[in-house]
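Working notes, beginning with the structure itself.
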Amino acid sequence: MPPVFRFAPSPNGHLHLGHAFSALLNFDLAVQAGGRFLLRIEDIDTTRCRPEFESAIYEDLAWLGIAWEEPARRQSDHLTAYREALDRLAAQGLVYPSFESRAEIARLVAEREANGRWPRDPDGAPLYPGSARLLSSDERAKLLRSDTPYALRLDMAAACARVGDLGWIEHGEGPDGATGTVAARPQAWGDVILARKETPTSYHLSVVVDDALQGVTEVVRGQDLFWSTSLHRLLQRLLELPQPVYRHHRLLLDDSGRKLSKSTAATGLRELRAGGKTPADIRRLVGLM
Ligand code: GLU
Numbered sequence: 006m007p008p009v010f011r012f013a014p015s016p017n018g019h020l021h022l023g024h025a026f027s028a029l030l031n032f033d034l035a036v037q038a039g040g041r042f043l044l045r046i047e048d049i050d051t052t053r054c055r056p057e058f059e060s061a062i063y064e065d066l067a068w069l070g071i072a073w074e075e076p077a078r079r080q081s082d083h084l085t086a087y088r089e090a091l092d093r094l095a096a097q098g099l100v101y102p103s104f105e106s107r108a109e110i111a112r113l114v115a116e117r118e119a120n121g122r123w124p125r126d127p128d129g130a131p132l133y134p135g136s137a138r139l140l141s142s143d144e145r146a147k148l149l150r151s152d153t154p155y156a157l158r159l160d161m162a163a164a165c166a167r168v169g170d171l172g173w174i175e176h177g178e179g180p181d182g183a184t185g186t187v188a189a190r191p192q193a194w195g196d197v198i199l200a201r202k203e204t205p206t207s208y209h210l211s212v213v214v215d216d217a218l219q220g221v222t223e224v225v226r227g228q229d230l231f232w233s234t235s236l237h238r239l240l241q242r243l244l245e246l247p248q249p250v251y252r253h254h255r256l257l258l259d260d261s262g263r264k265l266s267k268s269t270a271a272t273g274l275r276e277l278r279a280g281g282k283t284p285a286d287i288r289r290l291v292g293l294m
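6 is the number of the first residue of the sequence shown in our numbering; add one for each residue after it.
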C-alpha cells in the first residue's frame with residue numbers, strides 16, 4: 006500500500022510562506038515515496054472560515070505546482086462522522102458536559118492561582134478548573150434542558166486509565182528535539198473540549214477521525230502541533246483507529262522570532278506572486294529546493 010500524506014489548512018485567511026513550506030514538504034515526500042497526496046479543508050470554525058479563503062487555497066496550491074486527489078475533503082461536510090465518534094466516546098462514559106462561561110473559567114483559574122501556579126496545557130491555556138464532572142445526573146439533565154451553552158469534555162483521568170501507556174513514531178522532531186519513539190502525555194491537556202453545544206466537534210476530534218477515514222499514514226505538520234499528537238494518539242486508541250507516523254517540521258518565523266500567523270506583504274503567497282515571485286522563488290524562500 007502506498008503511503009498517504011495530507012495537507013490540512015484552515016480557510017480562515019490567505020496562505021503564507023509557512024503554509025507553502027508545509028504543503029510543499031508534504032507533496033515532495035509523497036512524490037518521493039510514490040505515495041498519495043490529499044488535501045483537507047479544516048473549516049469547522051464557521052465564525053472564522055470563509056469560502057473565498059477556500060477558493061484562494063486551491064488557487065495558491067495549484068500555482069505552487071501541487072496536485073492533490075480530487076475532491077478535497079471539507080470538514081463541514083462530515084459533521085455526522087465526528088458526531089458518531091463523539092457518541093462512541095460518550096458510550097464509554099468518557100464525555101461530560103461543562104457549563105461554565107469563559108468568564109467563570111477565568112475566575113476559577115484566578116482563584117486557583119491565588120494558591121500557586123495552576124497548570125497550563127501545551128498551548129499555554131489553563132487546564133479546565135471546574136468540577137462539572139461531579140454534577141449529579143439530575144443537575145446535569147436540568148442544565149442540558151435549559152438554554153445554558155455547554156462544552157463536551159473528555160474525562161482525561163478515566164480515558165488514560167482505560168488505555169495505559171501510549172506513544173508514537175516521530176520522523177521529525179519536537180520543540181525540545183524529541184524524535185524516534187515519543188511517549189505521549191495526554192494528561193498535559195486536562196479535560197479537553199471535544200465539542201460544544203453548537204459545534205459537534207473540535208480540531209482534535211475531527212483531525213483524528215479524518216486521518217483515519219482518509220487512510221492517512223504519514224502526518225507531516227508544524228512543530229506547534231507536536232504535543233497535540235499526545236491527545237490524537239489517545240483518541241485514536243479509544244476509537245480503535247490506526248496509528249499514522251508523524252513528522253513535525255520546523256516553523257517559519259517572522260522577524261521578531263514568532264511563528265508566521267498572518268499573510269502579510271512579506272509572507273503572503275498572493276502578495277509575493279503579485280510582486281513577481283515564481284513558484285521556484287517560493288521554494289527557495291522556504292528552503293526547499
Ligand atoms: N488545520 C490545522 C492548521 O491549519 C492543521 C492540522 C494538522 O495538520 O493536523 O494549523
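A virtual CB, placed ideally from N, CA and C, is assigned to each residue, including glycine.
Where residue i sits in the DSSP three-state scheme
{"i": "V100", "result": "strand"}
{"i": "G227", "result": "strand"}
{"i": "A156", "result": "strand"}
{"i": "V36", "result": "helix"}
{"i": "E203", "result": "coil"}
{"i": "Y251", "result": "strand"}
{"i": "I110", "result": "helix"}
{"i": "R93", "result": "helix"}
{"i": "H19", "result": "coil"}
{"i": "P131", "result": "strand"}
Other residues of its chain near residue i: CB distance less than 8 Å, five sequence neighbours each side excluded
{"i": "E276", "result": "S268, T269 and A270"}
Near the ligand GLU: residue i beta-carbon under 7 Å from a heavy atom
{"i": "S15", "result": "yes"}
{"i": "L29", "result": "no"}
{"i": "L274", "result": "no"}
{"i": "E47", "result": "yes"}
{"i": "R226", "result": "yes"}
{"i": "L22", "result": "no"}
{"i": "L218", "result": "no"}
{"i": "L277", "result": "no"}
Neighbourhood of residue i by C-beta, 7 Å cutoff - its chain only, sequence neighbours within 5 removed
{"i": "R255", "result": "Q228"}
{"i": "M294", "result": "R288"}
{"i": "H237", "result": "H209, V212 and V213"}
Opposing strand residues paired with residue i [DSSP bridges]
{"i": "V9", "result": "R41"}
{"i": "K264", "result": "L258"}
{"i": "W173", "result": "V187"}
{"i": "R78", "result": "R45"}
Own chain, CB closer than 6 Å to residue i, minus 5 neighbours either side, in chain order
{"i": "A61", "result": "H19"}
{"i": "V221", "result": "V9, R11 and P249"}
Anticipated Cβ contact below 8 Å, residue i with residue j, distance rounded
{"i": "L243", "j": "A164", "result": "6 Å"}
{"i": "W173", "j": "Q248", "result": "7 Å"}
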